[in-house]
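Visitor: There's a structure below that I have some questions on.
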Ligand code: GCB
Ligand code: CA
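Numbering (the working numbering), first residue to last: 3 to 898.
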């Protein structure tokens with residue numbers, strides 16, 4: 003009764019101030035958290051005194067350091083977070099929520115020792131009403147303790163079970179404290195905004211907008227309210243206003259729905275991402291007080307997918323071209339501030355893209371907000387990847403995630419597709435064609451059908467999609483291609499399978515067999531390590547140049563086929579995947595930018611093809627330091643790529659015009675005769691009357707072809723054996739060159755062959771193993787086996803000779819063991835190998851073997867001081883004792 007009596011007065015005061023004052027306060031509480039890695043027995047009931055807490059701020063991940071070490075695996079388990087909230091007395095008359103944008107993956111939130119809520123799933127938001135557990139004093143601030151128990155362990159009921167990315171643990175997205183009035187728009191609806199904006203009809207002449215939601219009344223009496231909706235245009239001018247009276251039931255929710263019409267709407271599109279704004283207000287009808295206010299973006303567009311003709315936006319065909327994006331960043335794991343999320347979407351937009359596949363899970367809210375603003379069409383998906391578990395709890399968690407994803411993101415005009423299940427038939431469980439497998443497949447299809455139905459029930463306006471790997475017969479047999487409205491294909495011919503032309507072949511065949519089914523190429527990509535360059539790029543060499551070649555072929559093919567509605571590059575960024583080996587262990591390097599967002603050539607290639615404004619860029623920005631062998635003119639000819647949307651490019655080398663070349667799909671490749679030292683490259687093209695230029699300084703270390711003509715002279719020679727590529731180490735300012743056979747007066751190997759992996763391997767040379775004890779895995783992954791000698795016909799002098807070895811056969815039992823070299827002999831499956839190494843006739847390494855320093859998958863390097871005398875140069879001999887001798891790397895440096 004007391005409350006009833008006083009409230010109207012209170013509201014009147016409120017109303018006076020309400021023109022500017024905010025009714026709902028949403029404030030981030032990212033600062034001043036305490037963190038403990040590991041479980042704490044006794045919590046939340048009792049806090050043991052001896053627990054060490056570390057100060058952290060959110061976003062935070064406990065796996066930030068795990069990602070760069072050589073140890074396989076990363077911490078997956080329980081950790082605790084703690085935070086004190088100092089709350090004013092006024093909190094008593096409010097409704098207070100804790101809102102988490104995301105925490106991986108099971109969170110229990112305690113307030114003052116009591117469980118406020120538990121959330122399952124690492125990639126969607128959740129919010130809990132904490133009002134019942136709060137303490138508040140009379141005037142001063144009162145301390146309230148929040149504890150979060152978070153667990154990122156494997157859990158067979160929670161997707162993802164397995165995937166090619168790291169499941170970093172932590173409260174890695176923003177946390178908010180939200181206080182609202184006792185009457186407010188629904189805040190208990192899967193952490194959604196509480197208001198749903200639909201546009202059931204949009205065309206050039208008119209747009210129908212429906213605004214619906216629920217009002218929560220926490221008072222014990224009914225209330226007479228007014229819902230007021232205001233729509234303003236992008237300039238902020240109010241263009242529509244509607245109000246409808248609502249009687250809000252006591253202690254419960256009351257639904258409402260309003261409709262609006264806008265004639266001659268300003269449409270939203272990638273070229274013109276025009277946003278209206280909808281402000282929804284709850285007003286107390288008896289006092290006029292504003293009780294709650296929520297804003298949403300409004301973008302007016304209509305679209306459709308046609309199986310033969312592709313995608314249409316606002317009645318016009320539009321090829322969707324863009325990329326998928328993972329959410330981690332170098333040295334930060336997944337704990338990124340909003341600015342980086344936003345920056346990534348700008349990176350994509352500046353590439354000329356109009357599409358983003360937000361894969362393999364919903365990402366930070368900042369992403370879709372940026373898409374709305376920048377004009378990027380988006381597909382979002384829940385993280386069912388590779389496998390499912392045939393259990394009700396797994397099914398329910400999938401469905402809960404789908405609902406969260408749809409409701410939380412519903413009002414973003416940028417979203418056109420809700421997706422689920424990535425490559426669920428890639429590694430089918432159970433024996434082929436067995437009863438168990440058939441049952442498992444049937445379960446997958448049953449789950450897909452349930453999610454499909456649920457998605458349409460949640461949102462009848464958008465399309466659905468399942469991204470599949472390239473075995474369409476299997477997806478067809480299992481019945482998965484029939485379930486969603488669009489089938490996505492993740493295709494890697496020319497990467498995981500040998501023939502790049504199979505990409506075009508697949509598209510044509512699929513379209514022939516499924517002429518009614520719209521399709522998107524949801525993935526295509528090739529790994530590229532920015533340190534690796536090649537003048538003869540080939541599949542799986544991880545060179546920047548092969549990645550460019552791959553994307554040239556794919557983009558051309560995608561653009562040629564109208565039935566391909568769209569395509570998403572895998573991936574916008576290099577991302578962490580703990581189990582990956584490759585040239586940079588733990589990193590999937592299919593990004594067209596690095597994990598620090600430095601563009602690779604493929605990114606420039608897309609800019610040249612997609613941007614409308616004049617563009618020109620000299621490629622291989624990471625290859626500013628080069629090395630090569632001098633020719634007779636004392637130059638060394640190497641390629642330079644130019645990316646531009648001009649039709650002709652001129653190239654100057656050290657001020658001299660070298661050549662004028664026509665471009666081919668945005669690319670021109672010049673052969674430049676580099677001289678020793680600094681080389682200035684200038685490229686220019688006139689695009690639509692605008693002159694575009696780029697200049698690059700390339701420092702070239704010319705290696706003499708014959709040392710008698712010109713000795714090595716205080717420069718170094720770094721040679722990767724069994725290799726065909728260049729490897730640039732910017733930090734040490736060293737460039738590694740491919741090997742060459744010895745010829746008189748020069749340097750090179752004698753005998754042996756290039757190390758190759760077994761026949762089914764995808765690369766024609768080298769190994770794909772993670773090499774421990776080095777960051778230059780690419781150098782140690784290649785090797786010459788059966789080598790007899792390596793000779794340098796250098797002039798007399800004092801030299802430093804470094805030899806690098808790694809046993810590529812057999813495998814280390816564990817890196818921990820490997821570091822303990824005394825135990826080397828205990829490594830499992832070790833190859834039996836032993837050989838002597840002699841320098842100029844003296845045995846310097848006796849019996850280098852798998853019993854001592856030669857440990858599988860581990861770099862072993864040693865440097866010798868060597869005097870070259872009597873014009874005999876330097877000869878390194880390898881004398882096999884058991885098996886064949888090997889050499890992975892050799893460096894020679896003249897000291898004086
Ligand atoms: C795929 C997966 C993606 C992987 C990618 C790759 O098909 O969907 O998660 O990262 O291939 O790079 O192998
Ligand atoms: Ca955020």
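Glycine included, every Cβ here is placed at the ideal spot set by N, Cα and C.
If you compare alpha carbons, which of 625, 168, 119 and 262 is closest to residue 209?
Guide: Per the Cα distances, 262.
Visitor: Taking 7 Å as the limit between beta carbons, can you name the residues of its chain near residue 556, skipping five residues before and five after?
Guide: Excluding sequence neighbours, residue 556 sits near 505 and 526.
Visitor: Quick check: what's the CA-CA separation for residue 701 versus residue 733?
Guide: If you take the alpha carbons of residue 701 and residue 733, they lie about 14 Å apart.
Visitor: With three or more C-beta pairs closer than 8 Å as the rule, is the segment 372–387 touching the segment 184–193?
Guide: Result no; under three Cβ-Cβ pairs closer than 8 Å.
Visitor: Could you say which of 404, 60 and 266 lies nearest to residue 161 if we only look at CA atoms?
Guide: Nearest option by C-alpha distance: 404.
Visitor: Which residues mark the beginning and the end of the beta strand (DSSP E) in which residue 780 is found?
Guide: It is not in any beta strand (DSSP E) - residue 780 instead sits in the alpha helix (DSSP H) that spans 779–782.
Visitor: Using DSSP with H/G/I as helix, E/B as strand and the rest coil, what is residue 857?
Guide: Three-state result, residue 857: coil.
Visitor: Using the beta-carbon count (16 or more within 10 Å), is residue 471 buried or exposed?
Guide: Looking at its Cβ environment, which holds 16 or more other Cβ atoms inside 10 Å, residue 471 is buried.
Visitor: Check each residue's C-beta against every heavy atom of ligand 2 and list, in chain order, those closer than 6 Å.
Guide: Cβ atoms closer than 6 Å to ligand 2 belong to 103, 175, 176, 340, 366, 367 and 368.
Visitor: Assuming contact is defined by CB atoms lying nearer than 8 Å, are residue 252 and residue 277 in contact in what I supplied?
Guide: Contact flag unset, no.
Visitor: Taking only the alpha-carbon atoms, compute the straight-line gap between residue 882 and residue 867 and give it to the nearest angstrom.
Guide: Rounded to the nearest angstrom, the two C-alpha atoms are 23 Å apart.
Visitor: Any idea which residues DSSP pairs residue 649 with across the strands?
Guide: DSSP output for residue 649 lists no bridge partner at all.
Visitor: If you run the structure through DSSP and keep just helix, strand and coil, what is residue 186?
Guide: It is a strand residue.
Visitor: Just tell me which of 228, 195, 224 and 226 has its CA closest to the CA of residue 215.
Guide: Out of 228, 195, 224 and 226, 195 has the C-alpha closest to the C-alpha of residue 215.
Visitor: Between residue 530 and residue 434, which are expected to be in contact by the criterion C-beta below 8 Å, what is the C-beta distance as a whole number of angstroms?
Guide: Actually they do not touch by this definition, with Cβ atoms about 34 Å apart.
Visitor: May I have a chain-ordered list of the beta strand (DSSP E) segments no shorter than 3 residues that lie completely inside the segment 673–749?
Guide: Qualifying beta strand (DSSP E) stretches, in chain order: 679–689, 692–705, 718–722, 728–731 and 736–740.
Visitor: Hey, residue 607 and residue 550: beta-carbon distance below 8 Å or not?
Guide: In contact: residue 607 and residue 550 (Cβ atoms closer than 8 Å).
Visitor: From 630, 836, 776 and 720, pick the residue whose C-alpha is nearest to that of residue 895; which is it?
Guide: It is 720.
Visitor: Hey, could you find the ends of the beta strand (DSSP E) residue 265 is sitting in?
Guide: Here the beta strand (DSSP E) through residue 265 covers 254–265.
Visitor: Residue 897: buried (16+ other C-beta within 10 angstroms of its C-beta) or exposed?
Guide: When all chains shown are included, residue 897 counts as exposed.
Visitor: For residue 421 and residue 741, what's the separation of their Cα atoms in angstroms?
Guide: The straight-line gap from Cα to Cα measures roughly 48 Å.
Visitor: Could you say which of 640, 56 and 851 lies nearest to residue 807 if we only look at CA atoms?
Guide: That would be 851, whose Cα lies nearest to the Cα of residue 807.
Visitor: Select from 730, 760, 761 and 722 the residue whose C-alpha is nearest the C-alpha of residue 743.
Guide: Minimum Cα distance to residue 743 is reached at 722.
Visitor: Check whether the segment 137–154 touches the segment 78–94, taking contact to mean three or more Cβ pairs, one atom from each stretch, closer than 8 Å.
Guide: Touching, yes, given that three or more Cβ pairs across the two stretches are closer than 8 Å.
Visitor: Can you list, in chain order, the residues of its chain with a C-beta nearer than 8 Å to that of residue 710? Leave out the 5 residues immediately preceding and following it.
Guide: Closer than 8 Å at the Cβ level, and outside the excluded window around residue 710, lie 747, 795 and 797.
Visitor: Could you pull out every residue in the same chain whose Cβ sits closer than 8 Å to the Cβ of residue 872, ignoring the five residues on either side in sequence?
Guide: So the list reads 798, once near-sequence residues are dropped.
Visitor: If you measure between the beta carbons of residue 343 and residue 325, is that distance less than 8 Å?
Guide: Cβ atoms of residue 343 and residue 325: not closer than 8 Å.
Visitor: Buried or exposed: which applies to residue 598, given that a residue is buried once 16 or more other Cβ atoms fall within 10 Å of its Cβ?
Guide: Exposed, because fewer than 16 other Cβ atoms sit within 10 Å of the Cβ of residue 598.
Visitor: Just the C-alpha distance for residue 891 and residue 330, rounded to the nearest angstrom, thanks.
Guide: Approximately 33 Å, taken between the alpha carbons.
Visitor: Which residues in the same chain have their Cβ closer than 7 Å to the Cβ of residue 680, if we skip the five residues on either side of it in sequence?
Guide: For residue 680, where only same-chain residues beyond five positions count, the Cβ hits under 7 Å are 699 and 701.
Visitor: Look up residue 507 in the DSSP assignment and say whether it is helix, strand or coil.
Guide: Residue 507: helix per DSSP, three-state reduction.
Visitor: Please classify residue 564: is it buried, with 16 or more other beta-carbons within 10 angstroms of its beta-carbon, or exposed?
Guide: By the neighbour-count rule (16 or more Cβ atoms within 10 Å), residue 564 is not buried but exposed.
Visitor: When DSSP builds the beta bridges, which residues end up paired with residue 869?
Guide: Looking at the DSSP assignment, residue 869 forms a beta bridge with 800.
Visitor: Cα-Cα, which of 887, 886, 848 and 842 is closest to residue 877?
Guide: Out of 887, 886, 848 and 842, 842 has the C-alpha closest to the C-alpha of residue 877.
Visitor: Name the DSSP bridge partner or partners of residue 55?
Guide: Residue 55 is not bridged to any residue.
Visitor: By how many angstroms is the C-alpha of residue 457 removed from the C-alpha of residue 309?
Guide: So the two alpha carbons sit approximately 21 Å from each other.
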